[in-house]
Amino acid sequence: MDMSLDQTAPAKTFWRTWRREIVRGGVLFGLVVGTGLFIRSVRIHVPSPLGALGSFGDFNWGDGDGGDLFGRGRQVGDPWEYRVLLKPTQHVWIRNTNGPIDVVAGTGDSLVIQVEKSWRTSDPQSVQLIPVLTERGLTVCAVWEARDTRCNEGGDYRINGPKKNDVAVRFTVQLPRSVPVDAST
280 MDMSLDQTAP AKTFWRTWRR EIVRGGVLFG LVVGTGLFIR SVRIHVPSPL GALGSFGDFN
340 WGDGDGGDLF GRGRQVGDPW EYRVLLKPTQ HVWIRNTNGP IDVVAGTGDS LVIQVEKSWR
400 TSDPQSVQLI PVLTERGLTV CAVWEARDTR CNEGGDYRIN GPKKNDVAVR FTVQLPRSVP
460 VDAST
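Heads up: the sequence shown begins at 280 in this note's numbering, then just goes up one per residue.
Structure, rendered in structure tokens:
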């Protein structure tokens, strides 16, 4: 009497019983591995936390002393100043990457922008201050050396692939009454 025809193989029974769980586990494993690889790829291309402008991962953001970019151990260069008379219909755009922007009420009809650079080891000349005055208003950018840079009217600003640099730029903007400002750092 041949009983092999009536009984199913243990492997076949196992597969029928656990097939759904095995497929579900395989799909879940694939999703976990795929998500991990995606996160790893993002971390490689955005090396610093997003709160510190991760796209600028080559900047030296300080040595853990609270982020004081104009404190001890840093040299401060000569101030740069820009003055211009603006109409109330014109706008002001200030673009910075590493450092503060302070906007205060001005006392007259002229816009006054004062800028200071600080650094530890980098060349402060590697950061250019570019004013762009048009009918729409004034755009002032602090532009670091990089593969691709742009400072155009209307606050159009881009730095792609900056070189390692510890220069910080501090803007102080004295804004005339009724002139709108858009500042980003």
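No residue lacks a Cβ here, since even glycine has one placed at the ideal position from N, Cα and C.
Please read these numbers as outputs of a predicted model, since none were measured by experiment.
When you compare the CB positions of residue i and residue j, do they come within less than 7 Å of one another, or not?
{"i": "S397", "j": "F450", "result": "no"}
{"i": "G378", "j": "V448", "result": "yes"}
{"i": "I380", "j": "T464", "result": "yes"}
{"i": "W423", "j": "V394", "result": "no"}
{"i": "L369", "j": "G433", "result": "Looking at the sequence itself, residue 369 is Gln, so the reference to Leu does not match. In this structure, G433 does not lie closer than 7 Å to Q369 by Cβ."}
{"i": "G445", "j": "T376", "result": "A quick correction: the sequence has Asp, not Gly, at residue 445. The answer is no: Cβ separation not under 7 Å."}
{"i": "P403", "j": "G352", "result": "no"}
{"i": "V406", "j": "A421", "result": "yes"}
{"i": "R426", "j": "R437", "result": "no"}
Using the Cβ count rule (16 or more neighbours within 10 Å means buried), how would you classify residue i?
{"i": "P410", "result": "exposed"}
{"i": "V452", "result": "buried"}
{"i": "R374", "result": "buried"}
{"i": "P441", "result": "buried"}
{"i": "N439", "result": "exposed"}
{"i": "P455", "result": "buried"}
{"i": "I301", "result": "exposed"}
{"i": "V371", "result": "buried"}
{"i": "W297", "result": "exposed"}
{"i": "I292", "result": "Sequence check: residue 292 is Thr here, not Ile. So T292 ends up on the exposed side."}
{"i": "L287", "result": "Position check: residue 287 holds Thr in this sequence, whereas Leu was assumed. T287 is exposed by the Cβ-count criterion."}
{"i": "V306", "result": "exposed"}
{"i": "V321", "result": "exposed"}
Looking at the secondary structure, which residues open and close the beta strand (DSSP E) in which residue i lies?
{"i": "E360", "result": "359-364"}
{"i": "E395", "result": "389-398"}
{"i": "T451", "result": "447-454"}
{"i": "P379", "result": "It is not in any beta strand (DSSP E) - P379 carries neither H nor E in the DSSP assignment."}
{"i": "T368", "result": "Looking at the DSSP string, T368 is not in any beta strand (DSSP E), and its letter there is neither H nor E."}
{"i": "T386", "result": "Neither: T386 is in no beta strand (DSSP E) and is coded neither H nor E."}
{"i": "D461", "result": "460-463"}
{"i": "L348", "result": "Premise fails: L348 is in no beta strand (DSSP E) and is neither H nor E."}
{"i": "Q404", "result": "Note, Q404: premise wrong, no beta strand (DSSP E); not H, not E."}
Pair every Cβ in the segment 308-323 with every Cβ in the segment 409-428, then say whether three or more of these pairs are closer than 8 Å. Judged by Cβ distances under 8 Å, the segment 308-323 makes no contact with the segment 409-428, as fewer than three pairs qualify.
Does the count of Cβ pairs from the segment 385-400 and the segment 351-368 closer than 8 Å reach three?
-> As far as the Cβ criterion goes, the segment 385-400 touches the segment 351-368, which means the pair count is three or higher.
Write down every uninterrupted run of the alpha helix (DSSP H) in the segment 288-326 whose length is 4 residues or greater and which is fully enclosed by it, in chain order. Fully enclosed alpha helix (DSSP H) runs of 4 or longer: 289-324.
Within the segment 416-444, ranges of the beta strand (DSSP E) (whole runs, at least 3 residues)
If we require 3 residues or more, the beta strand (DSSP E) runs fully inside the segment 416-444 come out as 416-423, 425-431, 435-441.
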